[in-house]
Structures are given as structure tokens and as C-alpha cells.
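Asker:
There are 2 protein chains.
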Amino acid sequence: MSAPIDFYFDFSSPYGYFASHRIDAIAERHGRAVNWRPYLMGAVMKITGARPIPERPLIAAYGRRDMERTARHLGVPWQMPEPFPVATVAACRAYYWVLDRDPARAKRLASVLYAAYFAEGHNIGEAEVVITLATAAGIERAALEAALQDPAVKQRLRVETDAAIARGVFGSPFFIVDGEPFWGNDRLAEVDEWLRAGGW
Amino acid sequence: MSAPIDFYFDFSSPYGYFASHRIDAIAERHGRAVNWRPYLMGAVMKITGARPIPERPLIAAYGRRDMERTARHLGVPWQMPEPFPVATVAACRAYYWVLDRDPARAKRLASVLYAAYFAEGHNIGEAEVVITLATAAGIERAALEAALQDPAVKQRLRVETDAAIARGVFGSPFFIVDGEPFWGNDRLAEVDEWLRAGGW
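As given, the protein sequences belong to chains G and C, one line each in that order. Mapping of the first sequence onto this note's numbering: residues 1 to 200, in sequence order. Mapping of the second sequence onto this note's numbering: residues 1001 to 1200, in sequence order.
1) Check the C-beta distance from LEU1113/C over to ILE1124/C and give it rounded, since I have them as a contact under 8 angstroms.
2) If you reduce the DSSP assignment to three classes, tell me which class TRP1183/C lands in.
3) If you follow the alpha helix (DSSP H) that ASP24/G is part of, which residue opens it and which one closes it?
4) At 3 residues or longer, and completely inside the region 141-187 of chain G: list those beta strand (DSSP E) runs for me, N to C.
5) Based on Cα-Cα distance, which residue from ILE1047/C, PRO1077/C and ALA1143/C lies nearest to TYR1117/C?
6) What's the call for ALA33/G, buried or exposed, on a 16-neighbour Cβ count within 10 Å?
7) Would you check if the distance between the CB atom of LEU148/G and the CB atom of THR135/G is smaller than 9 angstroms?
8) Is it buried or exposed for VAL130/G, if we count other Cβ within 10 angstroms and need 16 for buried?
9) Considering only C-alpha positions, which residue in the set ARG105/G, SER13/G, PRO181/G and GLY199/G is nearest to ARG64/G?
10) Runs of 3 residues minimum, wholly inside the region 1041-1094 of chain C: which ones carry the beta strand (DSSP E) assignment?
11) Looking at chain C, is there any beta carbon in it that lies within less than 9 angstroms of the beta carbon of GLU128/G?
12) Return no unless some Cβ of chain G is closer than 9 angstroms to the Cβ of PRO1181/C.
13) If we cut at 9 angstroms on Cβ distances, does HIS1073/C have a partner in chain G?
14) Name the DSSP bridge partner or partners of TRP97/G?
15) What residues from chain D crowd round THR1048/C, counting only those whose CB sits closer than 8 angstroms?
16) Where do the ends of the beta strand (DSSP E) carrying TYR1008/C lie?
17) On the CB-based measure, 16 or more other CB atoms within 10 Å of its CB, does GLY1016/C come out buried or exposed?
18) Let me make sure I understand the geometry here. Which of LEU1188/C, GLY1042/C and ASP1192/C has the alpha-carbon closest to that of LEU1157/C?
19) Going by DSSP, which residues form a beta bridge with VAL34/G?
20) Assign ILE1131/C to one of three DSSP states: helix, strand, or coil.
21) Mapping the DSSP letters down to three states, classify TRP1194/C as helix, strand or coil.
22) Is the number of C-beta pairs between the region 1179-1196 of chain C and the region 1017-1025 of chain C that are closer than 8 angstroms three or more?
23) So SER20/G is in the alpha helix (DSSP H); what residue range does that whole segment cover?
24) Does the region 55-64 of chain G come close enough to the region 1037-1053 of chain C to have 3 or more Cβ pairs within less than 8 angstroms?
25) Since LEU1099/C and ALA1106/C should fall inside the 8 angstroms C-beta cutoff, what is the C-beta to C-beta distance between them, to a whole number of angstroms?
26) In three-state terms, what does DSSP make of ALA189/G?
27) Is it buried or exposed for GLY1171/C, if we count other Cβ within 10 angstroms and need 16 for buried?
28) Is PRO1038/C near GLU1160/C, with beta carbons less than 9 angstroms apart?
29) Is there at least one Cβ from chain G nearer than 9 angstroms to VAL1086/C's Cβ?
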């Protein structure tokens, strides 16, 4: 089996959410696994100077329309979250803590968190909401509560985010396939083609 | 025949250049014409606060790589221009002046200008270069030189750019299909599908 695909995303990213519904199936067609790697886009934005979509004139209106259109097109549940965006530190820390114990459960948790935020009206920017959702997904509450305050877990997320930036990751979703970077949900068809062709 | 597709672009935009090789064929498949509408992205950037790709940390390196990869993928001639980006006031004015006299020739001129900048090493930011290229394309030099200084021609470009912004256009390429906006060369497959399906 060839190397896994790295799927970088922010839990507060609409296009990351859309891509989360697609990347595993694309990878599977080509015999690839996918490493889901949430990180903090806020750290990147400090470097790039980019601002969240709702704060960008012209782009904000287009973004809102495009998100609804993309959700309809993909058949993915969608409800524009409010507030948007939110800080996803707790969501990311929970993810990596679960990942180190049970990778399959971590991916399920990521999907639960995404659906909660982009389809079910839950504010995953709040640690308590993350904990409640994780508990419903079978994760032990007390252990998770402790983990979210654990300096080692906090450091784990910092290292992941720094490593992503060091690899040139700056968006969500962002894919790295055999060292080749692809930015955006709208590049998934190209990722699929790249995997089939072995590059060009 | 249904309404034409509006194709907005900046003459200094790599992805506008790539899209210029594709949009007419896509439109033709669906019995549509295309209005090519160059405008000044600089005017939009004053509103959105966006900066040119080479000035954006992380995105600059990705952009350079992605442009080369996209050119290879599409089989489109490519040579990263230097300087980049350039002001395209003269190119746009020449385009609209020719458009009002001979629309087919205007589209050919646009393709000549794009190829000159992105494949042949000519700096179309200089009015003299635009004039020389236009002359080689059969446009009368003296008349074009006069047109580039004509207040009515200058005003025509201002009106086009203002009208684009008023319609919500902010990128290059940017397409409007029956009122529906699509941003980016990587959305052309979606434009194609939208035309086939009549929306979703």
C-alpha cells in the first residue's frame, strides 16, 4: 500500500467539512489511507494576513452562496453556523488525544464535530460542547476533561500546527499526496486524477 | 440561444490565462457565447484588501508550483512572467476599444496579450508593448495610440470595472452564468456541469 494522504483542515472550515465527506472515498479508490490532521488556521492567518471569509468584502457574500450551493451539489447537510468562525482548540486537542488511543474513533469524532457545527447548530468553539459530543460518541468524560487541560496534549496540537505550516500548509482543506500539495475542496477531482495518473 | 456567459479576468492573472484556454469550448458545448470582460483587479484589491500572490507568505510558493502544474495539466504554454503582476490598464483599454469595433478581433487580441505575457516573456504592463502586439495583430497603430489617451476609452474601462464590482466580481477568472457566480479556474468543471444540469 502506498503512503497515506494527509488531509489538513480546521474544524471551523466549511470547505474542510465538505472535503471530509469526500476524501476517504477518493483515497480508497486508489488503495490509499487518509491521515486526518486538524490544525489551527488562526496560526496560519497570523502569517499570511488572511482574514475569515465573513470579514472579507465581496468574498463574504459569494462564500455564503457558494457554501449553500456546494452543500446542495454534494448532498451534504448544511446549516450556516452562528457564530462563525469559532476557535477550535478544544476540538483539535480532543481529536489528537483520541487519535493516540483509537485512530478509528478519532476519525468518527472528527465527523461528529463537523456535523455538529455545520449541520446541527452546535457551537464546537466551546469546550463543554466538544466534551458532550465526545461523550455521546463513547469517549469517557472525566478522562477527556483532564486531557484538554494536559500540557502534553496542548503541546501536541502546537507541534501539529507548526509542522503543518513548516510543510507549507496554509488552507483548509489542504491535501498532501506523495509530497504534492493541493489546496481546496474544489481540487479534489484533481487529487483523484493525480492519484490515478501518478502525477503529471 | 441562451444568454452569454460573462468571463471576467485580469490580463495579469495566471488563472485567468488558463481559463481563457477553456471557457469558449465549455460554453460552446452548451450553445452559449462568452463575453470576455477584462477588468482591473487592482480596484477590487483596494476593497477586499487582498494582495498579489507573490506577496502572500506560504501562498506564494504554492501558487508558483500550482501554476506550473496547471499549465502542464492543461497543456498550455507557460513561462512565469517577470515582472509579476503588472498593471494592465493599457491592455484593457486596447481590448475595449477594439471590442466596440470588431468583437472577434478583440477576443483574438486578448489571447495574443495573454500568450505574450504568460508564455513569451513580453511585459504587457507597458503600453508600447501592447501597441506593438496589437499592431502585429492587424490593428492600426496610430488609431490605437490615440485611443489609449482618449478620455472616453479611459472612462469605458472605469465603467466596466465598476460594473464588475457592482455585480460582486472580485477574482480572476470569475464567471457569471445566468446570474450565478463562479470564482476560479478550478470551478470550470462545475460551470460545465451547471450548464448541463441547469443548476441545482
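The beta-carbon is built from N, C-alpha and C at its ideal position, and this holds for glycine as well. Keep in mind the model is a prediction, meaning the values are calculated, not measured.
Answerer: Checking against the coordinates, here is how it stands:
1) Here residue 1113/C refers to the residue found at position 113 of the second sequence. Here residue 1124/C refers to the residue found at position 124 of the second sequence. About 5 angstroms; that satisfies the 8 angstroms criterion.
2) On the second sequence, residue 1183/C is found 183 positions in, with the first residue counted as 1. It is a strand residue.
3) Position 24 of the first sequence, counted from the start, is the residue given in the question as residue 24/G. Its alpha helix (DSSP H) spans residues 23-29.
4) 174-177 and 180-183
5) Along the second sequence, read from residue 1 onward, the residue named residue 1117/C stands at position 117. The option with the nearest alpha carbon to TYR1117/C is PRO1077/C.
6) Along the first sequence, one-based indexing puts residue 33/G at 33. Result: exposed.
7) Numbered from 1 along the first sequence, position 148 holds the residue referred to as residue 148/G. Numbered from 1 along the first sequence, position 135 holds the residue referred to as residue 135/G. Contact: no.
8) Working through the first sequence from its first residue, we reach residue 130/G at position 130. By the neighbour-count rule (16 or more Cβ atoms within 10 Å), VAL130/G is buried.
9) As a first step, residue 64/G is located in the first sequence; it is residue number 64 there, counting from the start. Answer by Cα proximity: SER13/G.
10) none
11) Here residue 128/G corresponds to residue number 128 of the first sequence, with the count starting at 1. False, the Cβ-Cβ gap to chain C never drops below 9 angstroms.
12) Numbered from 1 along the second sequence, position 181 holds the residue referred to as residue 1181/C. Chain G contact via Cβ: present.
13) On the second sequence, position 73 is the one that residue 1073/C refers to. It does: the Cβ of HIS1073/C has a partner Cβ on chain G nearer than 9 angstroms.
14) For the purposes of this step, residue 97/G is taken as residue 97 along the first sequence, with counting starting at 1. Note: TRP97/G sits in no beta bridge, so no partner.
15) This model lacks chain D altogether; the protein chains it does include are G and C.
16) Along the second sequence, read from residue 1 onward, the residue named residue 1008/C stands at position 8. Run containing TYR1008/C: 1005-1009, per the beta strand (DSSP E) assignment.
17) In the second sequence, counting from the first residue as 1, residue 1016/C sits at position 16. By the neighbour-count rule (16 or more Cβ atoms within 10 Å), GLY1016/C is buried.
18) Along the second sequence, one-based indexing puts residue 1157/C at 157. With distances taken between Cα atoms, LEU1157/C lies closest to GLY1042/C.
19) Position 34 of the first sequence, counting from 1, holds the residue named residue 34/G. DSSP output for VAL34/G lists ILE5/G as bridge partner(s).
20) As a working note, residue 1131/C is residue 131 in the second sequence. ILE1131/C falls in the helix class under three-state DSSP.
21) Reading the second sequence from its first residue, position 194 is the one you call residue 1194/C. It is helical.
22) yes
23) In the first sequence, residue 20/G corresponds to position 20, counting from 1. Here the alpha helix (DSSP H) through SER20/G covers 14-20.
24) yes
25) Taking the second sequence and counting its residues from 1, one reaches residue 1099/C at position 99. Taking the second sequence and counting its residues from 1, one reaches residue 1106/C at position 106. Right, their Cβ atoms sit about 4 angstroms apart.
26) For the purposes of this step, residue 189/G is identified with residue 189 of the first sequence, where counting begins at 1. In this structure, ALA189/G counts as helix in the three-state DSSP scheme.
27) Position 171 of the second sequence, counting from 1, holds the residue named residue 1171/C. GLY1171/C should be labelled buried.
28) What you label residue 1038/C is simply residue 38 of the second sequence in a count that begins at 1. What you label residue 1160/C is simply residue 160 of the second sequence in a count that begins at 1. Yes, they are a contact pair.
29) Taking the second sequence and counting its residues from 1, the one referred to as residue 1086/C is at position 86. Output row for VAL1086/C: interface = no.
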